[in-house]
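Q: Below is a structure I'd like to ask you about.
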Amino acid sequence: MIAKLRAKFPTTTPWITWLGALGLLLAIGLTCGILIFWRGLAITNLTDLVPWGLWITIDLSSIALSAGAFSLCAAVYLAGLKRYEPVARTATFIGLIGYSMAMLSLMLDIGRPDRFWHALVYWNTHSLLWE
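To convert, note that position 86 of the sequence shown is 91 in the numbering used here; the numbers rise steadily by one, no gaps.
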């Protein structure tokens, strides 16, 4: 079984270097996410003049990616194109990853994810959006 895994996944130096670089990026991302949860949004240096940061860009991009992926999947299945079903399965997986990334981005953008329910309970009835 190990021989089959070794044949499938190469153990050459460029592959190990690539995995090490991805692991380092993952560790940096997790550290930054924990810092945001621990210290709050003050660490992002956003102000009233610059209220939207990188989180909104990531959020909108991942939602657009997911919408396109699910639309492609729906088109393949509704049109009955059996030839493109492998593409539709991949598109479904990409759509799920994109929406998960959007949720993670919104969690980081909130700053205090333990208080997400406050907007639902303490909503403002005098908001300009209602007029």
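Glycine is no exception: its CB is placed at the ideal position from the N, C-alpha and C atoms.
#1: DSSP on L109, reduced to helix/strand/coil?
#2: May I have the straight-line CA-CA distance separating R120 from F42, to the nearest angstrom?
#3: Give every residue of the same chain whose Cβ lies closer than 7 Å to the Cβ of G38, excluding the five residues on either side of it in the sequence, and list them in chain order.
#4: Of all the alpha helix (DSSP H) runs that stay within the bounds of the region 75 to 127, which reach a length of 4 or more residues?
#5: Classify G85: buried if its beta carbon has 16 or more other beta carbons within 10 angstroms, exposed otherwise.
#6: Indicate the three-state DSSP secondary structure (helix, strand or coil) for W43 in the structure shown.
#7: Kindly confirm or deny that the region 94 to 106 and the region 62 to 72 touch, where touching means at least three C-beta pairs closer than 8 Å.
#8: Leaving out five residues before and five after S110 in sequence, what residues of the same chain have Cβ atoms less than 6 Å from its Cβ?
#9: For W23 and T17, I'd like the C-alpha separation in whole angstroms.
#10: Short of 7 Å in beta carbon distance, which residues of its chain neighbour I48, apart from the five on each side in sequence? Order them along the chain.
#11: Taking buried to mean at least 16 other C-beta atoms within 10 Å of its own C-beta, is A32 buried or exposed?
#12: Within a Cβ cutoff of 8 Å, which residues of the same chain sit near A12, ignoring the five residues on either side of it in sequence?
#13: Using 8 Å as the threshold, is the C-beta distance between A107 and S76 below it?
#14: For G58, does the three-state DSSP call read helix, strand or coil?
A: Reading off the structure:
#1: L109 sits in a helix when the DSSP states are folded into three classes.
#2: Answer to the nearest angstrom: the Cα atoms are 12 Å apart.
#3: Once the five neighbours on either side are set aside, the close Cβ partners of G38 are L113.
#4: As for any alpha helix (DSSP H) of minimum length 4 sitting wholly inside the region 75 to 127, the runs are 90 to 115, 123 to 126, ordered along the chain.
#5: In summary, G85 is exposed, with fewer than 16 beta-carbon neighbours lying within 10 Å of its beta-carbon over all protein chains present.
#6: The answer is helix: DSSP assigns W43 an H, G or I state.
#7: Contact check between the region 94 to 106 and the region 62 to 72: three or more CB pairs, one atom from each, fall below 8 Å, which counts as touching.
#8: Exclusion of the five residues before and after S110 leaves W60, I63, D64 as the residues of its chain whose Cβ lies within less than 6 Å of its Cβ.
#9: It is roughly 10 Å from the alpha-carbon of W23 to the alpha-carbon of T17.
#10: If you ignore the 5 residues before and after I48, its C-beta comes within less than 7 Å of the C-beta of L40, I41, all in its own chain and listed in chain order.
#11: Classification of A32: exposed, given that the 10 Å Cβ count is below 16.
#12: The beta carbon of A12 lies closer than 8 Å to none in the same chain, with the five residues before and after it left out.
#13: Judged by their CB atoms, A107 and S76 are not nearer to each other than the 8 Å cut-off.
#14: In this structure, G58 counts as coil in the three-state DSSP scheme.
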